[in-house]
Amino acid sequence: MLFSTTIYRLPPPIPSLPRCLRLLHAHAGLRRPLTPLHRHGRNSSGPNNASSILTHPLLCLLPRCSTLHHLKQIQAQMVLSGLISDTLAASRLLASCLDPPHLSHAAIVLANLDNPDTFCWNIAVRGFADNGNLVASALLYKSMLRTNARPDNYTYPVLFKVCGRMLDQRLGIMIFGHALQLGFDTDVYVVNSSICMFAMSGRLAYARNLFDQSPVRDLVTWNTLINAYVQCGFPREALELLQEMEVKNIISDEVTMIGAVACSAQMEDLELGRKFHRNIEELGIERTVPLMNALIDMYVKCGSLEPARTLFDSLEKRSIVSWTTMIMGYAKFGYLDVARKLFDEMPEKDVVPWNALINGYVQCKRGWEAIALFHEMQASDMKPDEITMVGVLSACSQLGALEIGIWVHRYIKKHQLYFNVALGTALVDMYAKCGNIDKSLQVFRDIPERNSLTWTAIICGLASHGHATDAISLFLRMTSIRLQPDEITFLGVLSACCHAGLVDEGRMFFTQMTSKYNILPKLKHYSCMVDLLGRAGLLREAEELVMSMPIEPDAAVWGALFFACRIHGNVSMGEWAALQLIKLDPQDSGIYVLLANMYVESNMKDKADKVREMMRDIGLEKTPGCSSIEVNGVIHEFLVRDQTHEEQEKIYGCLMQLTKQMKKFVNLHTISIIDSS
Numbered sequence: 001m002l003f004s005t006t007i008y009r010l011p012p013p014i015p016s017l018p019r020c021l022r023l024l025h026a027h028a029g030l031r032r033p034l035t036p037l038h039r040h041g042r043n044s045s046g047p048n049n050a051s052s053i054l055t056h057p058l059l060c061l062l063p064r065c066s067t068l069h070h071l072k073q074i075q076a077q078m079v080l081s082g083l084i085s086d087t088l089a090a091s092r093l094l095a096s097c098l099d100p101p102h103l104s105h106a107a108i109v110l111a112n113l114d115n116p117d118t119f120c121w122n123i124a125v126r127g128f129a130d131n132g133n134l135v136a137s138a139l140l141y142k143s144m145l146r147t148n149a150r151p152d153n154y155t156y157p158v159l160f161k162v163c164g165r166m167l168d169q170r171l172g173i174m175i176f177g178h179a180l181q182l183g184f185d186t187d188v189y190v191v192n193s194s195i196c197m198f199a200m201s202g203r204l205a206y207a208r209n210l211f212d213q214s215p216v217r218d219l220v221t222w223n224t225l226i227n228a229y230v231q232c233g234f235p236r237e238a239l240e241l242l243q244e245m246e247v248k249n250i251i252s253d254e255v256t257m258i259g260a261v262a263c264s265a266q267m268e269d270l271e272l273g274r275k276f277h278r279n280i281e282e283l284g285i286e287r288t289v290p291l292m293n294a295l296i297d298m299y300v301k302c303g304s305l306e307p308a309r310t311l312f313d314s315l316e317k318r319s320i321v322s323w324t325t326m327i328m329g330y331a332k333f334g335y336l337d338v339a340r341k342l343f344d345e346m347p348e349k350d351v352v353p354w355n356a357l358i359n360g361y362v363q364c365k366r367g368w369e370a371i372a373l374f375h376e377m378q379a380s381d382m383k384p385d386e387i388t389m390v391g392v393l394s395a396c397s398q399l400g401a402l403e404i405g406i407w408v409h410r411y412i413k414k415h416q417l418y419f420n421v422a423l424g425t426a427l428v429d430m431y432a433k434c435g436n437i438d439k440s441l442q443v444f445r446d447i448p449e450r451n452s453l454t455w456t457a458i459i460c461g462l463a464s465h466g467h468a469t470d471a472i473s474l475f476l477r478m479t480s481i482r483l484q485p486d487e488i489t490f491l492g493v494l495s496a497c498c499h500a501g502l503v504d505e506g507r508m509f510f511t512q513m514t515s516k517y518n519i520l521p522k523l524k525h526y527s528c529m530v531d532l533l534g535r536a537g538l539l540r541e542a543e544e545l546v547m548s549m550p551i552e553p554d555a556a557v558w559g560a561l562f563f564a565c566r567i568h569g570n571v572s573m574g575e576w577a578a579l580q581l582i583k584l585d586p587q588d589s590g591i592y593v594l595l596a597n598m599y600v601e602s603n604m605k606d607k608a609d610k611v612r613e614m615m616r617d618i619g620l621e622k623t624p625g626c627s628s629i630e631v632n633g634v635i636h637e638f639l640v641r642d643q644t645h646e647e648q649e650k651i652y653g654c655l656m657q658l659t660k661q662m663k664k665f666v667n668l669h670t671i672s673i674i675d676s677s
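For the sequence shown, full-length UniProt numbering assigns the number 1 to the initial residue and increments by one for each residue that follows.
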């Protein structure tokens, strides 16, 4: 605990500095030396005296100080003149030292004050907190308790904010106990800030208990708890509070409605969101940018882009949040061209809209455009963050662009980006999907933090590369350290069993999904099990599994059964599976071709001819296959018999040479087999 384990020592007092006033005269433009003041008592600053203190030439110079050297000059003259003994003057000097470059000197000033009062301590505690030095702010409070200064209702709200930002629940509870002992349980300012502190620390039950037992509540109290529920992902609890407010006839303000609208956005309840929108108009609440942003976000998350765009267009002043929310909305629903147009129209951008558009391209399987946008981002001198790199790595995974992925990995190391769990997981996934499973394993072992998604990525990677035993072993180790697998984890494990023909293990894991982990199998899990059973020749069991499915089988399930039937020569069951596939998509030429091939393999040429004739009657042609290859960081795509590539002659020449070598190898291999026999 901070207060029990840390020994805090303020810097030693500075000695008296008998400096010449010449430097100060030159700096201030004074014509004559300043005369020393009397040493004021702590209560000597009455209204008239306070006015004269505030207009003193030394204090008037403080706002003009640009360096620590200037501040020290003025401090020295305040000591020599006796002005430092005045509480008000000392607090002004202390406040001037609380800029980030001078924080260490602020502690020196505080240490040299003669019995600083509560106001001075509050300035120091708040100053260190506002500048992000949270531990020092809490330690100053500890030092304050050793003096005669008594914390007040301005001290504790700052400290509660510090504890909330530090996520230090024990320290927060201790300081809250101090506030109760001093009788601040009826101070609404202290109560509101303590509720906020407990919510930030994840102690929503404490926050709600304090709210319910508090004898004083104002609108801020209600707003604090409502927005705390929303920020912690509990919209239904926030909605209950809003309804309670309505029963008690408490009039909502802008902050209340921001929380209410965010609540409906999280629940994706469009009708509720529209109701709150009407309430805003009926109450005549000012259309501020934060409130309009909340409404735009609500409509976007509820999938209603038209009213979101109407609100966006009506804004006289748009923030980066306004632009980014609309870009994310269009990208989410596939309107990437509109999203890009808005992106290009933005007057100024930070990293968030870049990330939104890059991840939008990735979600819509347009990985190459995501990478191109990342290159634009670099050219514009915008510094990417961890979210950017996760998006770019996901694009590399989609494209199989290993060289670009390796470059991104080097970029992350070179620029020392924080290796969080998401970034580590994206790297593991990228290397696995781009074919380098050894590097994927190395990254998995090296990253400092792993969660269930990281384990899932490596398990699926190992399964796809045929390392079934390793995938299952990692799954067992994952569950042994009490990480919860999800449906994708089980998909990887079942896939591993399928590749290795581990039927018993596959059955066990499939059963454990529901019995042990309460995960309902999806279509992909069923298709994987059908494939596993079918490859093992257990066609009847595979058929029974399909017939017992609680959900309608899709093309993947029927396709797995069809391929199993084709492998094992079960034409009748294969015809049945093919018929189901044709019912799902009558225009899919692939299934007709596969069915005809199955008939040919079973010496049923008449039926094969009928299937081909059926294709001609319907007007179906086989869809040409497409493949891609990465060369020097550039992705090249080819269709079957493609004639569009600028180097097609070289490519086809190379393919001819490879074909000849393959034929030669096959002939030699055949001869060696005959000779050995």
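Note that beta-carbon positions come from the ideal geometry of N, C-alpha and C, so glycine has one too.
- Between S252 and V289, the beta carbon gap of about 18 Å keeps them out of contact (Cβ cut-off 8 Å).
- When D114, T67, S85 and S81 are compared, the shortest CA-CA separation from H105 is found for T67.
- Within the same chain, and ignoring the five residues on either side of V230 in sequence, the residues whose Cβ sits closer than 8 Å to its Cβ are A238, G259, A262, C263 and Q266.
- Counting every other CB atom within 10 Å of its CB across the protein chains shown gives Q416 a total below 16, marking it as exposed.
- A straight line joining the alpha-carbon of G501 with that of V530 spans about 12 Å.
- Cβ-Cβ separation between S304 and L270: approximately 6 Å, consistent with a contact (criterion under 8 Å).
- Scanning its chain for C-beta atoms nearer than 6 Å, with the 5 sequence neighbours on each side dropped, one finds around N122 the residues Y154 and T155, in chain order.
- In the DSSP annotation of this structure, the continuous segment of the alpha helix (DSSP H) that includes F510 starts and ends at V503 to S515.
- Residue environment: Q73 is assigned as buried (16 or more neighbouring CB atoms within 10 Å of its CB, all protein chains considered).
- When only Cα atoms are considered, A556 and I519 end up about 20 Å apart.
- Annotation: the continuous alpha helix (DSSP H) that includes N597 extends over S589 to E601.
- Excluding residues up to 5 positions away in sequence, S193, S194 and M197 lie with their Cβ nearer than 6 Å to the Cβ of F160 in the same chain.
- For E386, the uninterrupted alpha helix (DSSP H) segment begins and ends at E386 to L399.
- With 16 or more other Cβ atoms inside 10 Å of its own Cβ, M326 counts as buried.
- Contact annotation: W354 and M377 have beta-carbon atoms nearer than 8 Å.
- With a cutoff of 8 Å on beta-carbon distance, A149 and P116 are scored as near each other.
- Within the same chain, A331 and K332 come within 8 Å of Q363 by CB-CB distance, once the 5 residues on both sides are set aside.
- Sequence-distant partners of H465 (beyond 5 residues in either direction) whose C-beta falls short of 6 Å from its own C-beta, in its chain, are I437.
- The alpha-carbon separation between L134 and C60 amounts to approximately 30 Å.
- Apart from the 5 residues on each side of it in sequence, V546 sits with its Cβ closer than 7 Å to the Cβ of V530, P553, V557 and L561 in its chain, given in chain order.
- In its chain, beyond the 5 residues on either side, E254, M257, I258, V261, I280 and I285 have a beta carbon closer than 8 Å to the beta carbon of L291.
- Judged by DSSP secondary structure, L139 falls within the alpha helix (DSSP H) whose first and last residues are L134 to L145.
- A direct Cα-to-Cα measurement between S96 and T87 gives close to 14 Å.
- S452: member of the alpha helix (DSSP H) spanning S452 to S464, first to last residue.
- CA-CA distance, R278 to Y299, rounds to 14 Å.
- Annotation: Q484 is outside any alpha helix (DSSP H) and is labelled neither H nor E by DSSP.
- Under the DSSP assignment, A294 falls in the alpha helix (DSSP H) whose first and last residues are V289 to K301.
- DSSP assignment within the UniProt repeat "PPR" (319-353) yields the following whole alpha helix (DSSP H) runs of 4 residues or more, N-terminal first: 320-332 and 336-345.
- Distance from the CA atom of V352 to the CA atom of A138, rounded to whole angstroms, is 33 Å.
- In this structure, the straight-line span from the alpha carbon of H375 to that of C434 is close to 20 Å.
- Taking all protein chains shown into account, D429 has 16 or more neighbouring C-beta atoms within 10 Å of its C-beta and is therefore buried.
- Apart from sequence neighbours up to five positions away, the residues of its chain that approach C65 with a beta-carbon distance below 8 Å are L71, I74 and S96, ordered along the chain.
- Taking 8 Å as the cut-off, the Cβ atoms of S91 and D114 do not count as close.
- Out of L336, K275, H467 and Q484, the CA that lies nearest to the CA of K516 is found in Q484.
- With fewer than 16 other beta carbons inside 10 angstroms of its own, Y418 counts as exposed.
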